[in-house]
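S.K.: Following this note's numbering, the numbering of the sequence shown begins with 16 at its first residue and continues without gaps. Quick one: structure below, then a few questions.
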Amino acid sequence: MLTYIYFSFTIAFSQFSLNEWGSITSLLTPNKVEISDDAYIYSATSGGLLQFDMQTKMFYAINMEEGLVYLDLIDLKIDSYGNIWLAGSYPNGLLQVYRPNVGIVKIIDHLEISEIKFLEIGSYKAYVAYSGLKSNEIGILEFEIDENGLPLYKDYFVNFLS
């Protein structure tokens with residue numbers, strides 16, 4: 016009985032809360048680096064987007080406080096509009112489009128994929144290589160780019176070995 020009271024007391028007055036932990040991430044693991052036209056270097060990391068200002072020599076972390084919904088990033092590309100396309104790593108392969116000085120302008124998370132492997136952006140279309148939810152599923156997503164530089168999901172391609 017004394018053990019039960021002690022255990023209940025320690026749980027009730029604990030300083031640890033599971034709700035405070037979203038994920039364990041790190042800005043120290045750069046996965047992809049791109050240089051923008053306005054003197055910034057951006058790096059996709061497993062802890063969010065890292066921005067380096069080449070003029071002031073300062074680093075800035077862009078994470079959930081700035082609107083990112085998923086921090087483990089595997090790839091990034093900067094398009095001709097200045098948007099930064101961010102590819103989610105395993106197990107949450109979503110696409111986020113971040114615009115500096117604005118924040119997140121588009122999130123595509125309804126595609127039921129586990130990881131984005133690679134991004135390629137053109138003037139009017141963008142392509143994403145991905146791994147699906149099944150272990151042997153790989154494919155390519157096709158997006159059209161609208162007049163604001165934002166992706167519009169168009170189609171997907173799978174089963175290349177059939």
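Idealized CB from N, CA, C, for every residue including glycine.
Considering Cα atoms alone, identify which of I50, Y85 and K72 is closest to G63.
M.R.: The candidate whose alpha carbon is nearest that of G63 is Y85.
S.K.: By DSSP's criteria, Q70 is part of a beta bridge. Which residues make up the other side?
M.R.: The partner list for Q70 (beta bridge, DSSP) is empty, contrary to what the question assumes.
S.K.: If you run the structure through DSSP and keep just helix, strand and coil, what is E80?
M.R.: Residue state, collapsed to three classes: helix.
S.K.: Taking 8 angstroms as the threshold (C-beta atoms), are I123 and F110 in contact?
M.R.: As written in the sequence, residue 110 is Leu, which differs from the Phe given in the question. Their beta carbons are under 8 angstroms apart, which means L110 touches I123 by this criterion.
S.K.: Straight-line CA distance for F158 to D53?
M.R.: In a straight line, the C-alpha of F158 is about 26 angstroms away from that of D53.
S.K.: Going by DSSP, name the residue or residues bridged to G118.
M.R.: Its beta-bridge partners are R114.
S.K.: Can you give me the C-alpha to C-alpha distance between S150 and V48, rounded to a whole angstrom?
M.R.: The straight-line gap from Cα to Cα measures roughly 28 angstroms.
S.K.: Short check: CB of I160 to CB of K140, under 8 angstroms?
M.R.: Going by C-beta atoms, I160 is nearer than 8 angstroms to K140.
S.K.: With DSSP as the reference, identify every bridge partner of K140, one or two as the case may be.
M.R.: Answer by DSSP bridge pairing, in chain order: E159.
S.K.: Considering only residues of the same chain and omitting the five flanking positions on each side of I77, which have a CB-CB separation below 8 angstroms?
M.R.: Same-chain partners within the cutoff: G63, L64, L65, Q66, L83 and Y113.
S.K.: Mind reading off the beta-carbon distance from T71 to L42? Whole number of angstroms is fine, and I expect it under 8 angstroms.
M.R.: Between L42 and T71 the Cβ distance is about 18 angstroms, and since that is not below 8 angstroms, they are no contact.
S.K.: Quick one: what does DSSP say K132 is sitting in, helix, strand or coil?
M.R.: Residue state, collapsed to three classes: strand.
S.K.: Which same chain residues end up closer than 6 angstroms to G147 when comparing Cβ atoms and leaving out the 5 residues on each side of it in sequence?
M.R.: So the list reads I128, once near-sequence residues are dropped.
S.K.: What's the C-alpha gap between Y57 and N174?
M.R.: When rounded, the distance between both Cα atoms is 34 angstroms.
S.K.: Please report the residue range of the beta strand (DSSP E) in which F172 lies.
M.R.: Element bounds for F172: P166 to V173.
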